[in-house]
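Chemist:
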Amino acid sequence: MFLVTGIGFFTDAYDLFVINLVSAMLGVTYFGGDGEVPKNIDLGLKMSAAVGTLLGQIFFGLAADRYGRKKMYGYELSIMIIATLGQSLSNSTFSMPIYVSIIIWRTILGIGIGGDYPMSAVITSEFATKHRRGAMMAAVFSTQGFGILTAAVTAVIVLAIYKDDIHRDPLYVDYVWRIVTGMGVIPASIALYYRLTIPETPRFTIDIERNIDQAANDFRSVVKQGRAPVPLDDYTSPYIDVPKHSWQDFKEYFGKWENAKVLIGTSLSWFLLDVAFYGIGLNNSIILNAIGFSNSPHPYELLWNLSVGNILVTMLGTVPGYWFTVIFIDKWGRKMIQQMGFAILTALFLILGFGYNTIKDTSLVIFITIFALAQFFLNFGPNSTTFILPGEVFPTRYRSTGHGISAAWGKFGAIIAQIGFIQLKDIGGVNQFVDRLLQIFAIFMFLGFLTTYFLIPETRQRSLEQLSKEEQVGFVKERIRPEPAVKFPEDYYDEYDFPMQQQVVAGSSRNFSGYDFDQ
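FYI, full-length UniProt numbering numbers position 231 of the sequence shown as 231, with every residue one higher than the one before it.
Put into structure tokens, the structure is as follows:
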């Protein structure tokens, strides 16, 4: 499950953040050789994928709850493969300059990337046990760090291969950005078959399709291969009659404040996070250039320094941050880590913002260290937890929808960040407003802390059934139907907190009424 879902997020991050380097390469090739792309074009290149991602998150989030996770899983990866190839093969035509073609393909790419967010989160969540669910989801999300790192490493390798050619003629950079972009097809192609053949999640099969036997077989095929359940001939199997996915039921469920505030909390915290996360994540090259790390008169040295700088920041902060979350998420809890991250980021952005000129003029090492710490606590903090929480706190029929809505608000924040960063950074001169932008990011981080404190529940060591608020009046109806049922060996019950097992246990006593599903 980790490999099948994680390789998609690896590809997502590679494709999203590679534009950070590709934009500078396009500047060398098509816009005068200094790595600078005209402001509006740079904005389009970096914002297009975010726009597509927002659309994909909403569409696939709704579709996965209505048609099933299995039916939709793999389609988003197919879109990513096609769009990545189209982007890397873009060219100017009589009616369309090359950057317009790239923007169009990146918008389509974003739709596929957007679909991967709710799909992978929910599939991982619904297969996991409550004791390891946070670590599993964090591990899947952590592959983003390796995707960002791989994009920078790939750029360094390809630049090294073309070093002599670029020194002779900078236009050879055109080969570099196409190869670096196109490499994103490889991991996506490897994962495609497994995504198309993955079984439906047992929770969807039970809660939505009402098929306990099929859920048992799917669960066994993934987790406990070769251990067949024992059929019982004379047995009555209870089942839960959960309301179906519909607009009317959506309004009724989220019309209750205790449900609505959770959706507001997951959406607003993700929005506030992504203003800062994408504001600096897609503009690392600009910040490195602004502090003088990547300045060079020659295109090769310029691009080399940018790539190496991205590797340093990713290795020092991004990748370790993700894996600290994997280690501590099920010990400390999601809410605590998210609050901690927002609080520390508030302080770090204030330091960077108000001490910007002093620090960068004193020591680039100190500046990059603080900047890497910000990346560390973005990922050992809200960037990971805002992905995990929406995959846990909603009922099965709205789990993907709720995650898609929350993630879409995040991408809305990313779009605002890109527009704001590109349009504001040069107020008063080239890169002269970067310090004020970092101060603004500190305000957003503080608001994220308040949102988490007042609206987000703790989900650590709680089953998805508890978090779905099944105890609310009118949520479920109790029914008994005669049909063949399944019984699992007793050690299944010790290891897996799973709704199908609870229903079988309840039925074995022939007393479903009043059964506590949380035990």
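C-beta atoms are modelled at their ideal positions from N, C-alpha and C, and glycine is treated no differently.
Can residue 36 and residue 44 be called in contact, C-beta distance under 8 angstroms?
Modeler: Here residue 36 refers to the residue found at position 36 when the sequence shown is read from its first residue. Here residue 44 refers to the residue found at position 44 when the sequence shown is read from its first residue. Contact flag unset, no.
Chemist: What number of angstroms, rounded off, separates the C-alpha of residue 210 from the C-alpha of residue 61?
Modeler: For this step, residue 210 is matched to residue 210 along the sequence shown. For this step, residue 61 is matched to residue 61 along the sequence shown. About 21 angstroms.
Chemist: Between 459, 345 and 259, which has its C-alpha nearest residue 439's C-alpha?
Modeler: Reading the sequence shown from its first residue, position 439 is the one you call residue 439. For the residues 459, 345 and 259, the minimum Cα distance to residue 439 belongs to 345.
Chemist: Excluding five sequence neighbours on each side, which residues of the same chain lie with their C-beta closer than 7 angstroms to the C-beta of residue 198?
Modeler: On the sequence shown, position 198 is the one that residue 198 refers to. Result list for residue 198: 4, 70 and 73, in chain order.
Chemist: Measure from the alpha carbon of residue 436 to the alpha carbon of each residue in 151, 356 and 172, then state which is nearest.
Modeler: Reading the sequence shown from its first residue, position 436 is the one you call residue 436. The residue with the shortest Cα to Cα distance from residue 436 is 356.
Chemist: Among 127, 7, 425 and 385, whose alpha-carbon lies nearest the alpha-carbon of residue 194?
Modeler: Translated into the one-based positions of the sequence shown, residue 194 becomes position 194. Nearest of 127, 7, 425 and 385 to residue 194, Cα basis: 7.
Chemist: Cα separation between residue 57 and residue 176?
Modeler: Residue numbering aside, residue 57 sits at position 57 when the sequence shown is read from its first letter. Residue numbering aside, residue 176 sits at position 176 when the sequence shown is read from its first letter. About 31 angstroms.
Chemist: Could you pull out every residue in the same chain whose Cβ sits closer than 8 angstroms to the Cβ of residue 336, ignoring the five residues on either side in sequence?
Modeler: Start at 1 with the first residue of the sequence shown, and residue 336 comes out as number 336. 458.
Chemist: Quick check on DSSP: helix, strand or coil for residue 507?
Modeler: Numbered from 1 along the sequence shown, position 507 holds the residue referred to as residue 507. Since pLDDT at residue 507 reaches only 39, below the 50 mark, its modelled position is unreliable, and the value read off the structure follows with that caveat. Residue 507: helix per DSSP, three-state reduction.
Chemist: What separation, rounded to the nearest whole angstrom, lies between the Cα atoms of residue 163 and residue 313?
Modeler: Within the sequence shown, residue 163 is the residue found at index 163, counting from 1. Within the sequence shown, residue 313 is the residue found at index 313, counting from 1. Those two C-alpha atoms are separated by around 23 angstroms.
Chemist: Classify residue 1 as helix, strand or coil using the three-state DSSP reduction.
Modeler: Position 1 of the sequence shown, counting from 1, holds the residue named residue 1. DSSP places residue 1 in coil when its eight states are reduced to three.
Chemist: Less than 8 angstroms between the beta carbons of residue 91 and residue 98, yes or no?
Modeler: Here residue 91 corresponds to residue number 91 of the sequence shown, with the count starting at 1. Here residue 98 corresponds to residue number 98 of the sequence shown, with the count starting at 1. A contact, by the Cβ cut-off of 8 angstroms.
Chemist: Residue 378: buried (16+ other C-beta within 10 angstroms of its C-beta) or exposed?
Modeler: Counting from 1 along the sequence shown, the entry for residue 378 is found at position 378. Classification of residue 378: buried, given that the 10 Å Cβ count is 16 or more.
Chemist: In this structure, does DSSP put residue 12 in helix, strand or coil?
Modeler: Taking the first residue of the sequence shown as 1, we reach residue 12 at position 12. Three-state DSSP puts residue 12 in a helix.
Chemist: Under 8 angstroms: do the stretch 138–154 and the stretch 105–116 share three or more Cβ pairs, one atom per stretch?
Modeler: Result no; under three Cβ-Cβ pairs closer than 8 angstroms.
Chemist: Between which two residues does the alpha helix (DSSP H) holding residue 207 run?
Modeler: Within the sequence shown, residue 207 is the residue found at index 207, counting from 1. Start and end: 202–207.
Chemist: So, is residue 246 buried or exposed, given that buried needs 16 or more other C-beta atoms within 10 angstroms?
Modeler: Locating residue 246 in the sequence shown gives position 246, counting from the first residue. Under this definition residue 246 is an exposed residue.
Chemist: First and last residue of the alpha helix (DSSP H) that includes residue 132?
Modeler: To locate residue 132, count along the sequence shown from 1; it is residue 132. Per DSSP, residue 132 belongs to no alpha helix (DSSP H) and is neither H nor E.
Chemist: What is the DSSP secondary structure of residue 413, reduced to helix, strand or coil?
Modeler: In the sequence shown, the residue the question calls residue 413 occupies position 413. Residue 413 falls in the helix class under three-state DSSP.
Chemist: Drop a sphere of 10 angstroms on the beta-carbon of residue 417, count the other beta-carbons inside from all chains shown, and report buried for 16 or more, exposed for fewer.
Modeler: Taking the first residue of the sequence shown as 1, we reach residue 417 at position 417. Buried: at least 16 other Cβ atoms inside 10 Å.
Chemist: So for residue 90, helix, strand or coil by DSSP?
Modeler: Taking the sequence shown and counting its residues from 1, the one referred to as residue 90 is at position 90. Correct three-state label for residue 90: coil.
Chemist: On the three-state DSSP scale, how would you describe residue 169?
Modeler: One-based indexing of the sequence shown puts residue 169 at position 169. Coil, per DSSP.
Chemist: Starting from residue 120, trace the alpha helix (DSSP H) in both directions and tell me its first and last residue.
Modeler: For this step, residue 120 is matched to residue 120 along the sequence shown. Here the alpha helix (DSSP H) through residue 120 covers 98–127.
Chemist: Of all the options 450, 302 and 402, which has the alpha carbon lying nearest to the alpha carbon of residue 121?
Modeler: Position 121 of the sequence shown, counting from 1, holds the residue named residue 121. Closest by alpha carbon: 402.
Chemist: Out of 398, 126 and 347, which one is the CA nearest neighbour of residue 259?
Modeler: For the purposes of this step, residue 259 is identified with residue 259 of the sequence shown, where counting begins at 1. It is 398 whose Cα lies nearest to the Cα of residue 259.
Chemist: Could you check whether residue 380 and residue 325 sit closer than 8 angstroms to each other, using their CB atoms as the reference points?
Modeler: The sequence position of residue 325 within the sequence shown is 325, counting from 1. The sequence position of residue 380 within the sequence shown is 380, counting from 1. It is a contact, given that the beta carbons lie within the stated cut-off.
Chemist: Please identify the residue among 261, 183, 136 and 123 whose C-alpha is closest to the C-alpha of residue 602.
Modeler: Not covered by the structure: residue 602. The range shown for the chain is 1 to 519.
Chemist: Helix, strand or coil for residue 298? Go by DSSP, reduced to three states.
Modeler: Position 298 of the sequence shown, counting from 1, holds the residue named residue 298. It is coil, neither helix nor strand.
Chemist: Count the other CB atoms within 10 Å of the CB of residue 178; is the residue buried (16 or more) or exposed (fewer)?
Modeler: For the purposes of this step, residue 178 is taken as the residue at position 178 of the sequence shown. Buried, by the Cβ-count rule.
Chemist: When the Cα of residue 442 is compared with those of 389, 319 and 277, which residue comes out closest?
Modeler: On the sequence shown, position 442 is the one that residue 442 refers to. Ranking 389, 319 and 277 by Cα distance to residue 442 puts 277 first.
Chemist: Figure out for me which residue from 303, 131 and 445 has the closest Cα to the Cα of residue 347.
Modeler: The sequence position of residue 347 within the sequence shown is 347, counting from 1. Residue 445 is the option with its Cα nearest to residue 347.
Chemist: Under three-state DSSP, which class holds residue 217?
Modeler: By one-based count along the sequence shown, residue 217 stands at place 217. Correct three-state label for residue 217: helix.
Chemist: Can you grab the Cα-Cα spacing for the pair residue 25 / residue 108, in whole Å?
Modeler: Counted from its first residue, the sequence shown places residue 25 at position 25. Counted from its first residue, the sequence shown places residue 108 at position 108. About 21 angstroms.
Chemist: When burial is assigned at 16 or more other CB atoms within 10 Å of the CB, is residue 411 buried or exposed?
Modeler: Locating residue 411 in the sequence shown gives position 411, counting from the first residue. Under this definition residue 411 is a buried residue.
Chemist: If you draw a straight line from the alpha carbon of residue 275 to that of residue 434, how long is it in whole angstroms?
Modeler: Numbered from 1 along the sequence shown, position 275 holds the residue referred to as residue 275. Numbered from 1 along the sequence shown, position 434 holds the residue referred to as residue 434. So the two alpha carbons sit approximately 14 angstroms from each other.
Chemist: Flag residue 388 as yes when its Cβ comes closer than 7 angstroms to any non-hydrogen atom of the ligand FMN, and as no otherwise.
Modeler: With respect to the ligand FMN, the structure offers nothing, as it holds no ligand at all.
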